[in-house]
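Written out below as structure tokens is the structure these notes cover.
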Amino acid sequence: MASRRCAPTSGISWSTPLRTTSIERAVFRLFAERGFEATTLDDIAEAVGIGRRTLARYYPSKNDIPWGRFDRTIESFRLTLAEMPPELPLWEAVQRGVVAFDTFPASANPSHGERMGLILNTPALQAHSVLRYAEWRAVIAGYVGARTSQPPTALLPRTVAQVSLGLAVAAYEVWLAEPDGDLSVVLADTMVALRGYLSEQ
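Position in the sequence shown counted from 1, then plus 6, gives you this note's numbering.
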């Protein structure tokens, strides 16, 4: 059984701006040892070697940590879709955007698989995930609305956003069950189903 105490993470210089990747590496080690729910913010602050107030500057809650810098990646997602060639069929533009959003280097630490496995398989994270999924869907709805001259709250943008999320989550479930597969390929193959909803767009 893992010890309830963990030595502060070494190699992090607190004289420079705090590196969130260093925090996340330490935190994911704690999650692996103790489980998400059993790990407290005090545990995290002690392991990383900072105070809770400093930790809160980067992650307002423990639930935010598995999502990483989601605020930045969601803006990148918005820009990626906005830069899609207008001649692309709408379904293909959304497909490419989703694949690009979910492409991470194999060297990422924590790995993308670790993140998504925790997010999708931890009951305590599901309520928080609903908020993140809503932000993600809003990006797609906004893009589809702009491409079809409709408000993002109209039926088609909402439908495409909801279907896209369902397809993406299904792709992740398949990939996590068979982690040797290529996530980009699984996502691309799954997102092709959008064609049925956008065949005339």
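By construction, the Cβ of each residue, glycine as well, lies at the ideal position given by its N, Cα and C atoms.
For Ala-167, the closest of Pro-129, Ala-53 and Gly-151 by C-alpha to C-alpha distance is Gly-151.
The way I'd put it, the stretch 114-134 doesn't touch the stretch 45-56; fewer than three beta-carbon pairs between them come closer than 8 angstroms.
In its chain, beyond the 5 residues on either side, no residue has a beta carbon closer than 7 angstroms to the beta carbon of Val-136.
In the DSSP annotation of this structure, the continuous segment of the alpha helix (DSSP H) that includes Thr-60 starts and ends at 58-64.
With three or more CB-CB distances shorter than 8 angstroms, the stretch 64-81 counts as touching the stretch 114-134. For Ser-170, the enclosing alpha helix (DSSP H) stretches over residues 161-183.
Separation of the CB atoms of Arg-153 and Leu-85 is rounded to 15 angstroms, and the pair is thereby denied contact status at 8 angstroms. CA-CA distance, Thr-165 to Val-54, rounds to 42 angstroms. Scanning the stretch 96-154 from its first residue to its last, the whole alpha helix (DSSP H) runs of 4-plus residues come out as 96-107, 118-127 and 132-154.
Going by beta carbons, Gly-172 and Trp-181 fall outside the 7 angstroms limit. In this structure, the CA atom of Asn-127 is about 22 angstroms from the CA atom of Val-191. In the structure shown, the three-state DSSP call for Ser-67 is coil. Straight across, the Cα-Cα distance linking Gln-132 with Ser-155 is about 33 angstroms. For a cut-off of 8 angstroms, the C-beta gap from Gln-101 to Val-198 is around 7 angstroms, short enough to register as a contact.
With a 10 Å radius around the Cβ and a threshold of 16 neighbouring Cβ atoms, Thr-159 comes out exposed. Taking a C-beta distance under 7 angstroms as the contact criterion, Ile-80 and Glu-141 qualify as a contact pair.
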